[in-house]
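Participant:
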Amino acid sequence: MSDPKRDYDYDLFVIGAGSGGVRAARLAAMDGHRVAVAEEHRVGGTCVIRGCIPKKFMVYASEFSQSFKTARGYGWTVGETTFDWPAFLSAKDIEIARLSGVYVTNLRNAGADLIHSRAELTGAHTVRIVGEDRTVTADKILIATGGWPTLPPDLPGVEHAITSNEAFHLPELPKRVLVVGGGYIAVEFAGIFNGLGVETTLLYRGANILRGFDDDVRAHLAGELERRGITVILGCHHDRLEKTDAGIVSHLTSGHTVESDVVMFATGRAAKTQGLGLEAAGVALTGSGAVVVDEFSRTNIPNIWAVGDVTDRINLTPVAIREAAAFVETAFRDNPQSFDHQDVASAVFSQPPIGSVGLTEAQARHAGGKIDIYRSVFRPMKGTFYGSEERMLMKLVVDQASGRVLGCHVVGQDSPEIIQMAAIAIKLGATKAQWDNTCAVHPTAAEELVTMRTPYMPAGLT
Ligand code: NDP
Numbered sequence: 261m262s263d264p265k266r267d268y269d270y271d272l273f274v275i276g277a278g279s280g281g282v283r284a285a286r287l288a289a290m291d292g293h294r295v296a297v298a299e300e301h302r303v304g305g306t307c308v309i310r311g312c313i314p315k316k317f318m319v320y321a322s323e324f325s326q327s328f329k330t331a332r333g334y335g336w337t338v339g340e341t342t343f344d345w346p347a348f349l350s351a352k353d354i355e356i357a358r359l360s361g362v363y364v365t366n367l368r369n370a371g372a373d374l375i376h377s378r379a380e381l382t383g384a385h386t387v388r389i390v391g392e393d394r395t396v397t398a399d400k401i402l403i404a405t406g407g408w409p410t411l412p413p414d415l416p417g418v419e420h421a422i423t424s425n426e427a428f429h430l431p432e433l434p435k436r437v438l439v440v441g442g443g444y445i446a447v448e449f450a451g452i453f454n455g456l457g458v459e460t461t462l463l464y465r466g467a468n469i470l471r472g473f474d475d476d477v478r479a480h481l482a483g484e485l486e487r488r489g490i491t492v493i494l495g496c497h498h499d500r501l502e503k504t505d506a507g508i509v510s511h512l513t514s515g516h517t518v519e520s521d522v523v524m525f526a527t528g529r530a531a532k533t534q535g536l537g538l539e540a541a542g543v544a545l546t547g548s549g550a551v552v553v554d555e556f557s558r559t560n561i562p563n564i565w566a567v568g569d570v571t572d573r574i575n576l577t578p579v580a581i582r583e584a585a586a587f588v589e590t591a592f593r594d595n596p597q598s599f600d601h602q603d604v605a606s607a608v609f610s611q612p613p614i615g616s617v618g619l620t621e622a623q624a625r626h627a628g629g630k631i632d633i634y635r636s637v638f639r640p641m642k643g644t645f646y647g648s649e650e651r652m653l654m655k656l657v658v659d660q661a662s663g664r665v666l667g668c669h670v671v672g673q674d675s676p677e678i679i680q681m682a683a684i685a686i687k688l689g690a691t692k693a694q695w696d697n698t699c700a701v702h703p704t705a706a707e708e709l710v711t712m713r714t715p716y717m718p719a720g721l722t
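Using the numbering used here, you'd call the opening residue of the sequence shown number 261 and step up by one each time.
1. Going straight from the alpha carbon of Arg625 to that of Ser279, what length do you get?
2. With a CB to CB cut of under 8 Å and the five nearest residues on each side skipped, what residues in its chain are close to Pro612?
3. Could you tell me if Thr722 is buried or exposed, where buried requires 16 or more neighbouring beta carbons within 10 angstroms of its beta carbon?
4. Within 10 angstroms of its Cβ, does Ile614 collect 16 or more other Cβ (buried), or is it exposed?
5. Helix, strand or coil: which one does DSSP assign to His669?
6. Does the Cβ of Thr504 have 16 or more other Cβ atoms within 10 Å, making it buried, or fewer, making it exposed?
7. Tell me whether Lys400 is buried or exposed, calling it buried when 16 or more other Cβ atoms sit within 10 Å of its Cβ.
8. Between the segment 307-321 and the segment 336-355, are three or more C-beta pairs nearer than 8 Å?
9. Is it buried or exposed, Ile228, if we count other Cβ atoms within 10 angstroms and call 16 or more buried?
10. Between which residues of its own chain and Ile452 is the CB-CB distance below 7 Å, once the five residues before and five after are set aside?
11. Hey, would you say the C-beta of Leu576 is under 7 Å away from at least one heavy atom of ligand 1?
12. Pairs of beta-carbons, one from the segment 378-392 and one from the segment 483-501, closer than 8 Å: are there three or more?
13. List the residues that DSSP assigns as beta-bridge partners of Phe525.
14. Thinking C-alpha only, which one of Asp271, Phe592, Phe473 and Val523 is nearest Thr433?
15. Note down, in chain order, each residue of its chain lying with its Cβ closer than 8 Å to the Cβ of His601, except the 5 sequence neighbours on either side.
16. Rounded to whole angstroms, what is the Cα-Cα separation between Pro413 and Ala421?
17. Can you say whether Cys307 is buried or exposed, counting buried as having 16 or more other CB atoms within 10 angstroms of its CB?
18. At a cut-off of 7 Å, is Phe348 close to ligand 1 when judged by its beta-carbon and the heavy atoms of the ligand?
19. Are there any heavy atoms of ligand 1 lying less than 7 Å away from the beta-carbon of Thr527, as far as the coordinates show?
20. For Leu367, which of helix, strand or coil comes out of DSSP?
21. With a threshold of 7 Å, establish whether the CB of Gly466 neighbours any heavy atom of ligand 1.
22. Would you say the beta carbon of Phe609 comes nearer than 7 Å to a heavy atom of ligand 1?
23. Considering Cα atoms alone, identify which of Val509, Ala627 and Ala289 is closest to Thr461.
24. I need the boundaries of the beta strand (DSSP E) containing Val617, first residue and last residue.
25. In whole angstroms, give me the CA-to-CA distance for Glu621 and Gln660.
26. Measuring from the CB of Ser606, is there a heavy atom of ligand 1 at a distance below 7 Å?
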């Protein structure tokens, strides 16, 4: 009797060659399965092509303005400095092309077929390769199409605004920019533009930026952004945008106007599911268009799975990679595995940056148990040397009953590097006593995390 699975063209068809899709395709292909990956844009996805990686290069580039100030404080004579935006962009694009090429090579070396075309489902086992006008069949299908920036659809004049996608390719560096939003992308790009010498305004509709982060972190970062020269406008949003000879005029609900050369909206991203044919296959979506999956990343259609931003769980590259690896274990290795979405650390590459893992103080209080807060705000020694006013924040949220450290939040230089290590202790469930038992590394900023001895008590809380 023939194996019905061999009657399909592929054992696995992956739509989307980003972090999640590529990892799944490679692992399955290396196991000897017949795998195809379709990608309508460049291989690498948001992270490599228009997200984490080029963003971090831009952060590095923009940090030099601060480094020049620091250098002067340490006795260096720094001559006139200028920044060549086109030269940076072309170097950045060369490196992105190299990294995208590495992804392509890795896929090919693993034995996967790479199809440079949009792909859409026409049924639970059939995929139309749009660019080649043909249809293939697959036993299992993985949706890994990621997300895409959204613009407020009904806002008059929004066609004059850009998103982060375009910010990576601006033909020239603007003199003035208005960044809209208070999330990861907004604060990161506000820092990038400001560091590159652009007059930068950050506009956020709520009371403080970075909703969902610890309140001390939010307040601390907002203060640091302003100290570095970013104008932060809170509590209002756009009425309309207008293009004039002088630039783009943003009319705000407060009645004020802001004039800028570029308006960049970073007001969220949506799962990229439109027109994918998911309805044809009967795949259930959330109200906002994300693919609904169970803990194993399986959709309501048993042979169709989804990982990464398209499922709108935790939209981070390493999470997509881990979801993809768990998918391969479950679907191909008879070893059901689900990725644990608890205590995933993340970093915001604002300037200064943030590292965060575990519960915020508000989340821990909401959970009901009694907690202790350990908090330290200080001027790191590198800055005190030349009189910088920049302050660093370190905060631990500790469960009183068990002594477990439930959350760790850091704002300041190197906090993304620090939080990666702190995340291990949080994931292991280490207690505050065990953190304290860990000998400090001196002189560092991170030693503060193992030397805070007295709980901090905000006024009014017992
Ligand atoms: P976020 O969800 O982080 O932030 C969106 C922001 O836009 C929020 O401040 C939100 O306000 C605001 N907003 C939403 N709709 C409107 C509107 N109609 N008008 C005005 N403001 C609005 O999205 P991002 O796009 O910044 O990032 C998307 C995801 O990508 C992140 O959640 C993160 O998972 C990932 N990412 C991770 C990075 C990292 O790891 N360093 C870097 C960049 C992105 P409100 O809070 O009031 O809803």
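Note that beta-carbon positions come from the ideal geometry of N, C-alpha and C, so glycine has one too. What you are looking at is a predicted structure, and each value in this text was computed from that prediction instead of being measured.
Facilitator: With the given structure in hand:
1. 35 Å
2. Apart from the 5 residues on each side of it in sequence, Pro612 sits with its Cβ closer than 8 Å to the Cβ of Leu481, Glu484, Glu650, Met652, Val671, Gly672, Gln673 and Ser675 in its chain, given in chain order.
3. Only weak support is given to the placement of Thr722: the predicted model assigns it a pLDDT of 48, under 50, and the value that follows is read from those uncertain coordinates. So Thr722 ends up on the exposed side.
4. buried
5. strand
6. By the 10 Å Cβ count, Thr504 comes out exposed.
7. Lys400 comes out buried.
8. Here the segment 307-321 lies against the segment 336-355, with 3 or more beta-carbon pairs under 8 Å apart.
9. As shown, the chain starts at 261 and ends at 722. That puts residue 228 outside it, with no answer to give.
10. Met318, Val319 and Ser322
11. yes
12. The segment 378-392 and the segment 483-501 do not touch, with fewer than 3 CB-CB distances between them shorter than 8 Å.
13. Val440
14. One point to set straight first is that residue 433 is Leu, not Thr, in the sequence displayed. Of the candidates Asp271, Phe592, Phe473 and Val523, the one whose C-alpha sits nearest the C-alpha of Leu433 is Val523.
15. Arg573, Ile574 and Val579
16. 12 Å
17. buried
18. no
19. yes
20. helix
21. yes
22. yes
23. Selected option, being the one with the closest Cα: Val509.
24. Ile614 to Gly618
25. 13 Å
26. yes
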